[in-house]
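What follows is a short report on a single structure.
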Amino acid sequence: MKLLVTGGAGFIGSNFVHHVVEHTDHRVTVLDKLTYAGNRASLAGLPEDRVAFVRGDIADAAVVDSLVADADAVVHYAAESHNDNSLHDPRPFLDTNIIGTYTLLEAVRRHGVRFHHISTDEVYGDLELDDPERFTESTPYNPSSPYSSTKAGSDLLVRAWVRSFGVQATISNCSNNYGPYQHVEKFIPRQITNVIRGIRPKLYGAGLNVRDWIHADDHSSAVLTILEKGRIGETYLIGADGEKDNKTVVELILTLMGQDPDAYEHVTDRAGHDLRYAIDSSKLREELGWMPKYGDFEAGLRATIDWYREHEDWWAPSKDGVEAFYAEKGQ
């Protein structure tokens, strides 16, 4: 197949492109705006006869139309995705997550192209820390930030285009990703690179907020499985049973990096910080036969630490700016 991957120079998008090249014979065109979160270096070393790159905006209908017309399927990763940034300036989240998704949907409708939409478990809001339940495909949407609300809106657009116009689309909502090529503003790489730089890691509030962690390579394999086997119009939740509170994650990072597990600082909590996310991925596993490779969070985290140690040239250029931004906020 010829795949158009939007946001393919970003974190999970670039991991997906690497996964496709390694595990299939598909050819890939990456469409990426190269905002601060996109990095051409994340695609370095991939074969030029398999991977093409186009710099452009998913909200630019002319650019999108020509690329979709030449594709067999679109895998839509491109999104503004950082909660802190959405609280600071919500407008880019509307432009990319809503208008950008609409533009892609209109293009795949015109050309009859298969569409897979990448979303987040944050559209469901959060769970109480002691709640035995987990998110399922039938959990009502209850987003709590400009980021998650615009992702929820984009999901609903996809559902409407399937029902109203017969677009051949599927949706996946995934839990928190970690792994190579993740921007250092994000929780896990920020703490890893802090330790590498000799800076004490930072923990929001008491660190009791729980996230359901999944390695980006497992997310990639799940998306490829849905693209190949998923039922049109269906939503699949992707998770690896990796529930950990932030305090545990920071302490594990410190331990794996040979530091005192208490060598971190508590900082001002994020406004509206969701308490707990938890994914029930039974539908994906039972219907499509998918299983995660990194069922052991510690093993995945160790591999991620090794990657950041070996690729300081990739993350160092943005590190100082990120820390200066958070320092102004007392975080």
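The C-terminal residue of the sequence shown carries number 331 in full-length UniProt numbering, and the numbering is unbroken.
Here a beta-carbon is modelled for each residue, glycine too, at the ideal position from N, C-alpha and C.
Quantities reported herein were computed from a predicted structural model and do not represent experimental measurements.
Item, Value
"Under 8 Å between C-beta atoms of L129 and L252", "no"
"Entirely enclosed alpha helix (DSSP H) segments - the segment 139–201, minimum 4 residues", "146–165 and 187–197"
"Residue range of the beta strand (DSSP E) that includes Y236", "T235 to I238"
"Run of the beta strand (DSSP E) containing W213, from where it starts to where it stops", "V210 to H215"
"Within 8 Å, strictly: CB atoms of N83 and R270", "yes"
"Own chain residues within Cβ distance below 6 Å of A240, not counting five before or after", "I214, D218 and P292"
"Environment of D126 [buried if 16+ CB atoms lie within 10 Å]", "buried"
"Sub-8 Å separation of K283 and E137 beta-carbons", "yes"
"Burial state of V54 (16 or more Cβ within 10 Å)", "exposed"
"Same chain, Cβ closer than 7 Å to R134, neighbours up to 5 away in sequence not counted", "A278, I279 and D280"
"Cβ neighbour criterion (16 or more within 10 Å) applied to I232", "exposed"
"Range of the contiguous beta strand (DSSP E) that encloses I118", "R114 to T120"
"Whole-angstrom C-beta distance between I226 and T170, which should lie under 8 Å", "5 Å"
"Reference E243, options L224, F11, A303 and D131, closest by Cα", "D131"
"Start-to-end residues for the alpha helix (DSSP H) that takes in H18", "F11 to H23"
"Cβ shell of T255 (< 7 Å), same chain only, five flanking positions each side left out", "P261"
"For A41, three-class secondary structure by DSSP", "helix"
"Spatially closest choice to E286 from I238, D65 and V64, by CA coordinates", "I238"
"8 Å Cβ cutoff met for N173 and T120", "yes"
"Residue nearest to S144 in terms of C-alpha spacing, selected from T235, G112, Y124 and G205", "Y124"
"Short Cβ contact (8 Å threshold) for V5 with Y77", "yes"
"Cα-Cα separation, S154 to G258", "42 Å"
"Bridge partners - H76, DSSP secondary structure assignment", "T6 and H117"
"Presumed contact (8 Å Cβ cut-off) between G207 and K151, rounded CB distance", "In fact, because the Cβ distance is near 25 Å, the residues do not count as touching under 8 Å."
"Proximal residues to W290 (C-beta, below 6 Å), its chain only, five neighbours per side dropped", "A222, T225 and L284"
"Per DSSP, cross-strand counterpart(s) of F53", "V30"
"R109 (DSSP reduced to helix, strand or coil)", "helix"
"Span of the alpha helix (DSSP H), counted from its first residue to its last, around K283", "S282 to L288"
"Check whether H116 and A73 have beta carbons under 8 Å apart", "yes"
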